[in-house]
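Chemist: Below: one structure in structure tokens.
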RNA sequence: GGAGCCGUAGUGUAGUGGUUUAACAUGCCGGCCUGUCACGCCGGUGAUCGCGGGUUCGAAUCCCGUCGGCUCCGCCA
């Protein structure tokens, strides 16, 4: 068997596989097969060479005997990750040489012909140790990273989840419809990615943050049930669970009530969990937004563990302890959480926690070790009655530790909400498995301190509840929305709402958001216009496919379930995007760079 | 915009009370080996310690800056 021919190229003809490596079994014993794949490893015994040949289905052992005068010399020159075609006979392995660790360990392929299809340089990292390798090297050589079973399986799972979603929605009567990626920049929401227009010099498309407006217009168009696996773009900073482009399972339905959308969403989620063999009971547990904030400090409660926040402001309304009293006088709150049997915590650890909470914006962190009495730096400032009330309130027992934060309500919730996660991890309180939750009863608006105006909590097209209509004028911050979020293990995987289908109400909401009539018409005029032509009641939901698959795959980052993800600085280390472009390109677009 | 952690042969680590031939494992190259499967054994190759500057007789080690990667805050309707 030759490798490189006269022209210096490897011959183009090669034997096509008759079987996949991972599927060779005892049943094939005695049969001739051809395998194609990569050399996973090579074990050269001098007089006998073993190769583990790998394709996407698995590995199988290939044996090359020295009496095979064509193949043996080639086998000696073969290296890791060479691509080969192997012809040979499947045989049961000699007694005592079976390998229980691999699926094909009972058999091997006795090579009759070995053919080199493609060579490989020595790899920049060893595939079976990739878990430990710096992520930047793996991203640079993403094709090698993905060649690992773990890489393959993550994307295979993603594929299967997508197929389930499509099947489920198709069976429910949904139509998959694509909407534009080159569209119009709209105010509100995230920063847009812009695309300069050549034909309309000086004008810009924006990449969609979501297909929100298009799907609503599809409802006006009468499609009734739409879905799409939509790529969404947001030019904001990245996180482990945030990429500048991500994929949403986006859907919208007409003539539905809130519970119709929630029920379908929960069924859809449950359907995806079947892919990993998990039966999820629907309907899911539901929690109102107010309780989520009150007990968990945020609107995406991690319900894998308790450690609930408790408001103890009442105990300190008349406290001699000025720090607490002042916070309450200024409208703030004192909340805390109790952790069982934590008296082994060191002073150093308490300082660490204090720094952590300060870093999140708290003025400080009060800690108390419960013994026969309370041990705490602030114990001397508290009255006996206050101490007793605290212990009662937290139902604290000797050995427990109480942490308190006093500040503005939002600060307290945010700090304790994060701190609770840290403690749960450190004390190993997190129960295994998946804990799904639907959060309902969101407020319509929140107040933006910086811009001194109302902002939508969900988005500007969210339908207020009927009860809230009167509040829009009186006290819009109390108005609640027909919106819902879906939370798994503290990760927001989806959310949606009923939409406004009355153009008058939509204009009213824009007004409350401080979007002038002129601007509303410039930016959203096409939607308002569409609503004028017989808009059905409608609502929908969007799930973050990347986050969902991340959870199903048990990974910590969505980068693991995206084929070619970007770094925290928004770069692609494999392609080196983003990159500078030629002057010619800039000129055509009438763009100048500094 | 901000905070923290990290950066030493291809890869993963060790080495920082200032002076080392910068160590170990693995990979890679060569040799031996007919039942291995993380094959084994022998030998070899490979790092001016991310980059720049400073302190010093002397810096991988201390200081400053910078670049890159990760985590987080802000931001993400």
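In this note's numbering, the protein residues as written are 72 to 665. Where a beta carbon is used, it is the ideal one built from N, C-alpha and C, also for glycine.
1) One question on the structure: do residue 673 and residue 381 come within less than 9 Å of each other, judged by their Cβ atoms?
2) Can you tell me whether residue 294 is helix, strand or coil according to DSSP?
3) Taking the alpha-carbon of residue 491 as reference, which of 517, 393, 374, 507 has the nearest alpha-carbon?
4) Go ahead and pull the three-state DSSP assignment for residue 319.
5) I want to know whether the region 135 to 153 touches the region 85 to 94 - three or more CB-CB distances under 8 Å.
6) Report yes if the CB atom of residue 198 is closer than 9 Å to the CB atom of residue 187, and no otherwise.
7) Please classify residue 620 as buried or exposed, where buried requires at least 16 neighbouring CB atoms within 10 angstroms.
8) If we count the other Cβ atoms within 10 Å of its Cβ and call it buried at 16 or more, is residue 355 buried or exposed?
9) Note the first and the last residue of the continuous alpha helix (DSSP H) segment covering residue 230.
10) Is the beta carbon of residue 560 sitting closer than 9 Å to the one on residue 609?
11) Suppose you measure from the CA of residue 588 to the CA of residue 346; what does that come to, to the nearest Å?
12) Which residues bound the alpha helix (DSSP H) around residue 24?
13) Could you have a look at residue 152 and say whether DSSP puts it in helix, strand or coil?
14) Just checking, does the region 377 to 391 make contact with the region 523 to 543 on the three C-beta pairs under 8 Å criterion?
15) For residue 178 versus residue 100, is the C-beta spacing smaller than 9 Å?
16) Look up residue 437 in the DSSP assignment and give the residues it is bridged to.
17) Could you spell out the range, first to last residue, of the alpha helix (DSSP H) harbouring residue 83?
18) Can you give the Cα-Cα distance for residue 384 and residue 571, rounded to whole angstroms?
19) Report the start-end ranges of each beta strand (DSSP E) in the region 316 to 382 that is 3 residues or longer and not cut off at the edges.
20) Going residue by residue through the region 439 to 518, where are the continuous beta strand (DSSP E) segments of at least 3 residues, counting only ones entirely within it?
21) Give a yes or no on contact between the region 455 to 464 and the region 337 to 345, applying the rule of three or more CB pairs nearer than 8 Å.
22) I need the straight-line Cα distance from residue 424 to residue 484, nearest angstrom please.
23) Going by beta-carbon coordinates alone, are residue 303 and residue 336 separated by less than 9 Å?
24) Would the beta-carbon of residue 661 fall within 9 Å of that of residue 272?
25) With contact counted as at least three CB pairs below 8 Å, one residue from each stretch, are the region 357 to 375 and the region 494 to 513 in contact?
26) Sort out for me which residues DSSP pairs residue 601 with in a bridge.
27) Which same chain residues, not among the five before or five after residue 525, have their C-beta less than 8 Å away from its C-beta?
28) Using DSSP with H/G/I as helix, E/B as strand and the rest coil, what is residue 644?
29) Let me confirm a value: residue 448 is counted as buried when at least 16 other C-beta atoms fall within 10 Å, else exposed. Which label applies?
30) Alpha carbon to alpha carbon, what distance is there between residue 208 and residue 487?
31) Between residue 569 and residue 534, how many whole angstroms is the CB-CB distance? I'm expecting something under 8 Å.
32) Could you check the C-alpha separation between residue 301 and residue 607 for me, to the nearest Å?
33) Let me know the secondary structure DSSP gives residue 430 once reduced to three states.
34) Would you check if the region 109 to 120 and the region 149 to 167 touch, i.e. whether three or more CB-CB distances between them fall below 8 Å?
35) Taking only three categories from DSSP, how would you classify residue 282?
Modeler: Checking against the coordinates, here is how it stands:
1) Shown here, the chain extends from 72 to 665; a query on residue 673 therefore has no answer.
2) Within the first chain, the letter at position 223 stands for residue 294. Here residue 294 sits in coil by DSSP.
3) Numbered from 1 along the first chain, position 420 holds the residue referred to as residue 491. For the residues 517, 393, 374, 507, the minimum Cα distance to residue 491 belongs to 374.
4) Counting from 1 along the first chain, the entry for residue 319 is found at position 248. The answer is strand: DSSP assigns residue 319 an E or B state.
5) Short answer: they don't touch.
6) Working through the first chain from its first residue, we reach residue 198 at position 127. Working through the first chain from its first residue, we reach residue 187 at position 116. No.
7) Position 549 of the first chain, counted from the start, is the residue given in the question as residue 620. Counting C-beta atoms within 10 angstroms of its own C-beta, residue 620 has 16 or more neighbours from the protein chains shown and is therefore classed as buried.
8) The residue given as residue 355 occupies position 284 in the first chain. Classification for residue 355: buried.
9) For the purposes of this step, residue 230 is taken as the residue at position 159 of the first chain. Per DSSP, residue 230 belongs to the alpha helix (DSSP H) from 220 to 242.
10) The residue labelled residue 560 in the question sits at position 489 within the first chain. The residue labelled residue 609 in the question sits at position 538 within the first chain. Result no, Cβ atoms of residue 560 and residue 609 do not sit closer than 9 Å.
11) In the first chain, counting from the first residue as 1, residue 588 sits at position 517. In the first chain, counting from the first residue as 1, residue 346 sits at position 275. Those two C-alpha atoms are separated by around 48 Å.
12) The structure shown has nothing for residue 24, since the chain only spans 72 to 665.
13) Taking the first chain and counting its residues from 1, one reaches residue 152 at position 81. Here residue 152 sits in coil by DSSP.
14) No: fewer than three Cβ pairs fall under 8 Å.
15) As a first step, residue 178 is located in the first chain; it is residue number 107 there, counting from the start. As a first step, residue 100 is located in the first chain; it is residue number 29 there, counting from the start. The beta carbons of residue 178 and residue 100 sit closer together than 9 Å.
16) Residue mapping note: residue 437 aligns to position 366 of the first chain, counting from 1. DSSP output for residue 437 lists 475 as bridge partner(s).
17) Against the first chain, residue 83 aligns to sequence position 12. In the DSSP assignment, residue 83 falls outside any alpha helix (DSSP H) and carries neither an H nor an E.
18) Along the first chain, read from residue 1 onward, the residue named residue 384 stands at position 313. Along the first chain, read from residue 1 onward, the residue named residue 571 stands at position 500. Taken atom to atom, the span from the alpha-carbon of residue 384 to that of residue 571 is near 39 Å.
19) Whole beta strand (DSSP E) segments, 3+ residues: 316 to 325, 356 to 359.
20) Segments of the beta strand (DSSP E) lying fully in the region 439 to 518: 472 to 478, 507 to 511.
21) Too few Cβ pairs lie closer than 8 Å, so no.
22) The sequence position of residue 424 within the first chain is 353, counting from 1. The sequence position of residue 484 within the first chain is 413, counting from 1. Distance between the alpha carbons of residue 424 and residue 484 is about 16 Å.
23) Within the first chain, residue 303 is the residue found at index 232, counting from 1. Within the first chain, residue 336 is the residue found at index 265, counting from 1. 9 Å or more divides the Cβ of residue 303 from the Cβ of residue 336.
24) To locate residue 661, count along the first chain from 1; it is residue 590. To locate residue 272, count along the first chain from 1; it is residue 201. Cβ atoms of residue 661 and residue 272: closer than 9 Å.
25) The answer is yes - the region 494 to 513 touches the region 357 to 375, with three or more Cβ pairs under 8 Å.
26) Along the first chain, one-based indexing puts residue 601 at 530. According to the DSSP secondary-structure assignment, residue 601 is paired through a beta bridge with no residue.
27) For the purposes of this step, residue 525 is identified with residue 454 of the first chain, where counting begins at 1. Apart from the 5 residues on each side of it in sequence, residue 525 sits with its Cβ closer than 8 Å to the Cβ of 516, 517, 518, 519, 547, 548, 583, 584, 585 in its chain, given in chain order.
28) Your numbering for residue 644 matches position 573 in the first chain. Coil, per DSSP.
29) Taking the first residue of the first chain as 1, we reach residue 448 at position 377. Residue 448 is exposed by the Cβ-count criterion.
30) On the first chain, position 416 is the one that residue 487 refers to. On the first chain, position 137 is the one that residue 208 refers to. So the two alpha carbons sit approximately 37 Å from each other.
31) Locating residue 569 in the first chain gives position 498, where the first residue counts as 1. Locating residue 534 in the first chain gives position 463, where the first residue counts as 1. Yes, residue 569 and residue 534 are in contact; Cβ-Cβ is about 4 Å, under 8 Å.
32) Position 230 of the first chain, counted from the first residue, corresponds to residue 301. Position 536 of the first chain, counted from the first residue, corresponds to residue 607. The C-alpha of residue 607 is placed about 23 Å away from the C-alpha of residue 301.
33) Your numbering for residue 430 matches position 359 in the first chain. Shown here, residue 430 sits in a helix according to DSSP, grouped into three states.
34) Pairwise C-beta distances place the region 149 to 167 in contact with the region 109 to 120, as three or more of them are shorter than 8 Å.
35) Within the first chain, numbered from 1, the residue matching residue 282 stands at position 211. DSSP places residue 282 in the coil class of the three-state scheme, outside both helix and strand.
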